[in-house]
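Read the structure below first, then the notes.
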Amino acid sequence: MSVLATGSYTVRSLKDKSIVGRFIQEDRSLQPKPIFALPADFPQADNLRFEKQDDGTYRITARGAAVTHRRDLLFADIIDIEEEGSNNKLWKLMRQFRRGENVHTIVLANEQEKGWSVPAPIGDWPFGPQVAVTSLTVGPNYDEAELFIISPA
């Protein structure tokens, strides 16, 4: 497990150094906003805020909205309503020492076999693919798409 202090961090995919965050232009609805793997040189990329909980899990937010998953994809939940008995907005960071400094897998607190993954780019999108929440490779040899570099902002 990893121990990060509460604060703002830049999250990059080990696979292609893409930056995890919300796209700069979004609709104005209160619908959940997709979290993308934005190109490494993307201007105005987001930092994510990690809030350490007493049990060692983290609540992660993007521009103030809780990061959650729906239909195996990562979203920022604009209306932060916690469903009773659910902790789909809590994450565990698992440090992957063998893969480098600050390299982690980010897994669901209640289903640690599932975690963040950057899928292959989709066609000619001007920004990267939406980050997925999928069953991860059995460690310690995780696929690079499942590994993230978490650095202080």
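In this text, residue positions in the sequence shown follow this note's numbering: the first is 86, and each later residue adds one. Idealized CB from N, CA, C, for every residue including glycine.
Looking at the DSSP output, Thr-190 sits in a beta bridge with Met-179.
Counted as a single uninterrupted DSSP element, the beta strand (DSSP E) harbouring Phe-233 occupies residues 233-237.
Between the beta-carbon of Lys-177 and that of Val-188 there is about 15 Å, and that puts the pair past the 8 Å contact cut. When DSSP states are grouped into helix, strand and coil, Glu-136 belongs to the strand group. By alpha-carbon distance to Arg-184, the top candidate from Asp-131, Ile-163, Ile-234 and His-154 is Ile-234. Under the DSSP assignment, Lys-102 falls outside any beta strand (DSSP E); it carries neither an H nor an E label. In the DSSP assignment, Pro-204 is bridged to no other residue. Less than 7 Å separates the beta-carbon of Val-216 from that of Leu-159. Pairing Thr-91 with Asp-126, the inter-Cα distance amounts to about 26 Å.
Nearest to Leu-221 by C-alpha distance, out of Trp-201, Ser-236 and Ala-205, is Trp-201.
Taking all protein chains in view, the Cβ of Ile-164 is surrounded by fewer than 16 other Cβ atoms within 10 Å, so the residue is classified as exposed.
Rounded to the nearest angstrom, the gap between the Cα atoms of Glu-111 and Ala-194 is 28 Å.
The three-state secondary structure of Ala-161, taken from DSSP, is strand. For Arg-144, the uninterrupted beta strand (DSSP E) segment begins and ends at 143-147. Assigned with DSSP and collapsed to three states, Arg-184 falls in helix.
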